[in-house]
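Have a look at the structure below before the remarks.
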Ligand code: HEM
């Protein structure tokens, strides 16, 4: 944002500044009239003064270097300076006059002329003009001679002021522009080297204004291809659109479609830019997480495989006992049937044992299948206290039998979204496990709290606790 001194001045501003300067130095219409009287007196001296002006310039290489057009340009400049001198005396010192004078300062800046030489040149011109006056009056000074010299000096001071003002203003503007350009260059270099997608889009219609090289690499589109296109449509990211509807600064993950049809996972973040090249816009930054996601997925699969291995060995262990028992009973039945004195009731008992073991095997298989392919949860609003009370009723008998004091602490109205059967099963297993761990009796507490962010159910008992070395295996099936 340019500061006030960097703002370009309008022609009216320039004129106003000149009139203010006139007032400041005390320039009056009388001064103008006195200078006008000089025109005829000084006219014969002007060509010599102009020649001297350019001869002196040619003696200073640092000054002369700005005249790049050789003698032809010097001749043209002499004409311009002569016209300038004539107008100096004639006026009128109006808006157009001031603007023409202002342009001289601008031209000098354009050719890279050091201001110090303009001051020196004007001092030389001033000395020449005053000398010409002395020569013209030949010691015979008019009564107004002092006032005339004073008016001429004031006018030359005003001329220098306006040329320098223009030069300075233009210079500041140029520097400000350069600084802005440098700032933009530094910003570009930074953003173009950034290892993340940096995209700037219009708000609210989301057409692309800027697409950095990293975004090109990830998506396969070139910046030229995408400028002006709608970002969400281009990347086919309905999740991207949904994420951008979130509050600015919120991170969200969204899948995008690249130019070659492939899909990539990107972690997005967006910020509002109140002014990008004069309009509101959105800055959208994306981190390509595809490789990370793939690695996570691979890790998940190998974890599942490892779990399956544990599951299989647990299963083998679980079915070995019933199988052994079945084999043992079958052999006994075989022996019993072979011997005529065998009591049929004994055979019947053995067959029943076999049937029980088959039931057990069936139970294990059911459990295994349930683990491998769990029933989808039937989530509903559960009255937690009611559910805990039904668990308490179920464990009441076993607890009493074992002198385990069971206590339930739950507020009357606690609700949770859950599958009631699954939740009940988990709690029942937990409580029965605790009760079985206290064969000498003890105390079992089931508490329920409802903080603002959910429902928390805690179980504690006075049993020996879970040994440290097997705690991390608690959630392994068949452990
Ligand atoms: C009192 C001091 C000076 C006055 C009053 C003056 C006056 C002028 C004027 C009236 C113009 C024409 C502006 C236009 O095209 O609109 C001009 C341009 C120029 N002046 Fe000066 N000048 C001064 C000092 C100098 C000095 C010291 C140099 C040093 C070489 C210089 C070199 C130039 C050049 C190269 C141009 C550009 C000419 C072109 O466009 O071809 N001036 N000057």
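Numbering (this note's numbering), first residue to last: 233 to 711.
Beta carbons are placed, not taken as given, at the ideal position from N, Cα and C, and that holds for glycine.
Residue range of the alpha helix (DSSP H) that includes residue i
{"i": "residue 370", "result": "Where residue 370 is concerned, there is no enclosing alpha helix (DSSP H), given that its DSSP letter is neither H nor E."}
{"i": "residue 322", "result": "302-322"}
{"i": "residue 441", "result": "Not the alpha helix (DSSP H): residue 441 falls in the beta strand (DSSP E), residues 440-443."}
{"i": "residue 426", "result": "Residue 426 -> no alpha helix (DSSP H), and no H or E assigned at all."}
{"i": "residue 647", "result": "Looking at the DSSP string, residue 647 is not in any alpha helix (DSSP H); the run it does join, the beta strand (DSSP E), is 647-650."}
{"i": "residue 283", "result": "278-290"}
{"i": "residue 297", "result": "No alpha helix (DSSP H) contains residue 297, which DSSP labels as neither H nor E."}
{"i": "residue 268", "result": "261-274"}
{"i": "residue 684", "result": "Counting along the chain, residue 684 falls outside any alpha helix (DSSP H), and DSSP gives it neither H nor E."}
Nonlocal neighbours in the same chain, by C-beta distance under 6 Å from residue i, ignoring five residues either side
{"i": "residue 447", "result": "429, 431"}
{"i": "residue 247", "result": "327, 330"}
{"i": "residue 698", "result": "none"}
{"i": "residue 505", "result": "513, 515"}
Own chain partners of residue i with C-beta closer than 8 Å, once the 5 adjacent residues on each side are dropped
{"i": "residue 631", "result": "637, 638, 667, 676"}
{"i": "residue 628", "result": "638"}
{"i": "residue 568", "result": "574, 578, 579, 582"}
Nearest-angstrom beta carbon gap, residue j and residue i [assumed within contact, 8 Å]
{"i": "residue 267", "j": "residue 384", "result": "6 Å"}
{"i": "residue 488", "j": "residue 501", "result": "With 8 Å as the limit, residue 488 and residue 501 do not qualify as a contact, their Cβ atoms being about 14 Å apart."}
{"i": "residue 613", "j": "residue 645", "result": "About 12 Å separates the two Cβ atoms, so there is no contact after all."}
{"i": "residue 556", "j": "residue 582", "result": "So it is not a contact: roughly 14 Å between Cβ atoms."}
{"i": "residue 611", "j": "residue 660", "result": "Not really, about 19 Å apart at Cβ, beyond 8 Å."}
{"i": "residue 354", "j": "residue 392", "result": "5 Å"}
{"i": "residue 402", "j": "residue 309", "result": "With 8 Å as the limit, residue 402 and residue 309 do not qualify as a contact, their Cβ atoms being about 20 Å apart."}
{"i": "residue 322", "j": "residue 271", "result": "6 Å"}
Beta-bridge pairing of residue i - partner residues as DSSP gives them
{"i": "residue 242", "result": "In the DSSP output, where bridge partners are listed per residue, residue 242 has none listed."}
{"i": "residue 639", "result": "677"}
{"i": "residue 522", "result": "Answer is none; residue 522 lacks a bridge partner."}
{"i": "residue 615", "result": "647"}
{"i": "residue 707", "result": "DSSP lists no partner for residue 707."}
{"i": "residue 462", "result": "439"}
{"i": "residue 434", "result": "513"}
{"i": "residue 488", "result": "496"}
{"i": "residue 690", "result": "679"}
Endpoints, the beta strand (DSSP E) within which residue i is located
{"i": "residue 504", "result": "495-508"}
Chain-order list of residues whose beta-carbon lies under 7 Å from that of residue i (same chain, five-residue window excluded)
{"i": "residue 332", "result": "none"}
{"i": "residue 203", "result": "No information on residue 203 is available, as it lies outside the stretch 233 to 711 that the chain covers here."}
{"i": "residue 419", "result": "none"}
Classification of residue i by the beta-carbon crowding that lies within 10 angstroms, buried from 16 upward
{"i": "residue 263", "result": "buried"}
{"i": "residue 494", "result": "exposed"}
{"i": "residue 300", "result": "exposed"}
{"i": "residue 378", "result": "exposed"}
{"i": "residue 285", "result": "buried"}
{"i": "residue 663", "result": "buried"}
{"i": "residue 496", "result": "buried"}
{"i": "residue 766", "result": "Because the chain in this structure spans residues 233 to 711, residue 766 falls outside the shown range and cannot be described."}
{"i": "residue 449", "result": "exposed"}
{"i": "residue 444", "result": "buried"}
{"i": "residue 707", "result": "exposed"}
{"i": "residue 370", "result": "exposed"}
{"i": "residue 686", "result": "exposed"}
Contact test: residue i Cβ vs the ligand FMN heavy atom, cutoff 7 Å
{"i": "residue 348", "result": "This structure does not include the ligand FMN; its bound ligands are the ligand HEM."}
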